[in-house]
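First the structure, in the form of structure tokens, and then the observations on it.
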Amino acid sequence: MHNRMMAHTVRNDLPEHHPLTPNEFREQGHALIDWIATYRENIEERAVSRTIEPGAIRAALPKAPPRLAEPVSDIMADFESILLPGVMHWQHPSFFGFFPSNVELSSVLGDLLSTGLGMVGISWEASPALTELEETCVDWLRQMLGLGPAWRGAIQESASASTLIAIVCARERYSNCAFAQGGIRQPEQPGMIYTSARAHSSVGKTAMIAGFGMDHIRIVPTEAGGSLDANILRAMINEDIARGARPAAIIATTGATANTALDNIDAVADVAEEWGMWLHVDAAMGGASMLLPECRSGWEGIERADSIVISPNKWLGAAFDSSVLLVRDHEHLTRVMGTCPSYLRTPTDGKVTQLRDWSIPTGRRFRALKLWFLIREQGVDGLSERIRRDMVNARRLAQLVEAEPEWRVMNKITLQTVCVRHEPAGMSGAELDAHTRAWVQTLNESGKAYLTAAQLDDAWMARVSIGVLGTEWHHIEKLWADMREHATQYARLPLAA
Ligand code: PLP
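Structural data, given as structure tokens:
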């Protein structure tokens, strides 16, 4: 804008330019929607990803910002020629990496509408619709997950932020709000956090941000079924209490990132209740399967937890960022997180929900719109059917892998991820690890599909994370053929650094 003003006031030989008018926006916006629609329609024709030399994209971009205004059509042309080659196609049906991060097109519309409205929800009064739609959609989600009416929540920017808030709530509960008052210090009786080795890395990070420190996070071993072992957990807590520490929180995971293992919530809740600890359940990805009544047994005991995070921006289909933190004691949450500077005081205080008291940022986007569009356009039945399809496909793939000599399924199929290893005769240890990483890398580089290699109990395996919107069984059959081809044909290639 500054440059544009300079163009008008200092020099008069430059082309006149004004910000995009609504009419031009209409034209460019239609073109952009067309582009996205065509992209989604033809996405299968693309390689899932392309190998890009680090720094290549930055090198193709101008080092300094443009002094003169440029037409949007030029920006879009550069997007296609410079950036698109470096885009990983997460919505590609042959994307089996990390976790599904589905974006239904209805949710794109909701997100666009939110951006176009340009509101900031710093208080109920700043936009009543923003607050009340969020309350409604979060309550819809609660019902969809089969949770009781005591649960209330808000949309956060990530599962990590949700877990941070849960841990801060736990900290203030165990310390009786001493941290909120006295700040971070090493209390005489330090609080302890317990979680499993399968927990997402955000647990350690957010506990550290909340002031617990790595010395006060205990990693509880898992039992054969994959859940953190409640007996060992109890023994650890007793040990810690004996040396003067205090149990503060248990962070359970249902749908662990590497292998989708489910912690036994009921067993863990017994322990949490014994010592009055906060129980947070990270169901960021896996929570979507709670839509299916037949899957709820994996969450037995959830009504005894204090908080749960589920991210509709993962498997469910809402555009990032959309992570819902639900709590049972919302008064504790808002006591801990609440702020009320004078400029945000309004006559409705006390009668309405102030969502800033439920989150770290003061302001928020109209994020509920994308969830609203998604849930209404798909219906709960439509969403449930898709989740069910993915779980069936995962079990079918596991059967194929199990039936194939020299291949092994490494996890219990609880949700939609199949962890596999190709184990050529006589190969083990570091050589097998290198082989696994090599074939996954060559498959990814081929652009035919994308998988993630990860460690499970120190051994490398390939994770096949099923669940992109467009992924049907024939894509998985094709992937299985490609996996076998790459693992056998490209075996024993040296692993690139
Ligand atoms: N928790 C689990 C179980 C996850 O799988 C992930 C992401 O992979 C996260 C938390 C972190 O999610 P976010 O990026 O929204 O913080």
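Each residue of the sequence shown is one higher than the one before, starting from 93 at the first, in this note's numbering. Here a beta-carbon is modelled for each residue, glycine too, at the ideal position from N, C-alpha and C. Note that the structure is a prediction, hence the values are computed from the model and not measured.
Tell me the DSSP secondary structure of residue i in three-state form.
i, result
"Ser267", "coil"
"Trp243", "coil"
"Val102", "Low confidence applies to Val102: its pLDDT is 49, below 50, so where it sits in the model is not reliable enough to give any reading."
"Gln508", "coil"
"Asp574", "helix"
"Ala589", "Low local confidence applies: a pLDDT of 47 at Ala589 is under 50, so the model's placement there is unreliable, with the coordinate-based value given in what follows. Ala589 falls in the coil class under three-state DSSP."
"His184", "coil"
"Ile276", "coil"
"Trp127", "helix"
"Asp122", "Just to set this straight, residue 122 is His in the shown sequence, not Asp. Helix, per DSSP."
"Trp216", "coil"
"Gln248", "strand"
"Ile402", "strand"
"Ser415", "strand"
"Ile309", "strand"
"Leu205", "helix"
"Ile144", "coil"
"Thr445", "coil"
"His94", "In this prediction, His94 has a pLDDT of 41, which is less than 50 and means its spatial position is unreliable; nothing more can be read from the coordinates."
"Ala302", "coil"
"Asn115", "helix"
"Val230", "helix"
"Arg437", "coil"
"Leu384", "coil"
"Ala258", "helix"
"Thr454", "coil"
"Met236", "helix"
"Ser193", "coil"
"Glu133", "helix"
"Lys297", "helix"
"Asn407", "Strictly speaking, residue 407 in this sequence is Trp, with Asn absent from that position. In the structure shown, Trp407 sits in coil (DSSP, three-state: anything other than H, G, I, E or B)."
"Ala151", "helix"
"Gly390", "helix"
"Gly178", "helix"
"Gly75", "This structure leaves residue 75 out entirely; the chain is present only between 93 and 589."
Which stretch, first to last residue, makes up the beta strand (DSSP E) that contains residue i?
i, result
"Gly283", "283-288"
"Arg500", "499-501"
"Asp374", "370-374"
Taking the Cβ atom as the reference point for each residue, do residue i and residue j lie within a distance shorter than 8 angstroms?
i, j, result
"Ile467", "Trp216", "no"
"Ala291", "Asp362", "no"
"Ile333", "Val360", "no"
"Thr346", "Gly303", "no"
"Ile357", "Trp407", "no"
"Ala148", "Gly539", "no"
"Thr229", "Ala460", "The amino acid occupying residue 229 in the given sequence is Cys; Thr does not appear at that position. Contact flag set, yes."
"Arg456", "Gly210", "no"
"Gly283", "Ser294", "no"
"Ala376", "Ala251", "yes"
"Asp482", "Leu535", "no"
"Leu74", "Thr223", "No statement about residue 74 is possible, as the shown extent of the chain runs from 93 to 589 and does not include it."
"Thr287", "Gly390", "no"
"Pro339", "Ile329", "yes"
"Val501", "Glu494", "yes"
"Gly189", "Leu543", "yes"
"Thr431", "Glu227", "no"
"Leu320", "Ala344", "yes"
"Lys462", "Ser199", "yes"
"Ile257", "Met429", "yes"
Which stretch, first to last residue, makes up the alpha helix (DSSP H) that contains residue i?
i, result
"His422", "422-429"
"Met168", "164-170"
"Arg487", "460-495"
Under 7 angstroms: does the beta carbon of residue i sit that close to some heavy atom of ligand 3?
i, result
"Ala376", "Within the structure as shown, ligand 3 is missing, the only ligands being ligand 1."
Checklist entry - Does the stretch 464-484 come close enough to the stretch 178-190 that 3 or more CB-CB pairs lie under 8 angstroms? => result no
Next on the checklist: Quick check: the stretch 410-428 against the stretch 439-459, are at least 3 beta-carbon pairs closer than 8 angstroms?
Outcome noted: yes
Checklist entry - Hey, which unbroken runs of the alpha helix (DSSP H) at 4 residues or more fall wholly within the stretch 510-566? => result 521-538
Checklist entry - Would you say the stretch 552-568 touches the stretch 199-208, given that touching needs at least three Cβ pairs under 8 angstroms? => result no
Checklist entry - Along the chain, which unbroken stretches of the beta strand (DSSP E) at least 3 residues long are found entirely within the stretch 311-363? => result 338-345
Checklist entry - Taking contact to mean at least 3 C-beta pairs separated by less than 8 angstroms, is the stretch 220-238 in contact with the stretch 273-290? => result no
Next on the checklist: Taking 8 angstroms as the cut-off, does the stretch 554-563 touch the stretch 525-543 (at least 3 CB pairs, one atom from each stretch)?
Outcome noted: yes
Checklist entry - For the stretch 116-124 against the stretch 150-159, are there 3 or more C-beta pairs whose distance is under 8 angstroms? => result no
Checklist entry - How do the stretch 363-373 and the stretch 310-318 stand: do at least 3 beta-carbon pairs fall below 8 angstroms, yes or no? => result no
Checklist entry - Would the stretch 158-173 and the stretch 424-436 be scored as touching if the rule is three or more Cβ pairs under 8 angstroms? => result no
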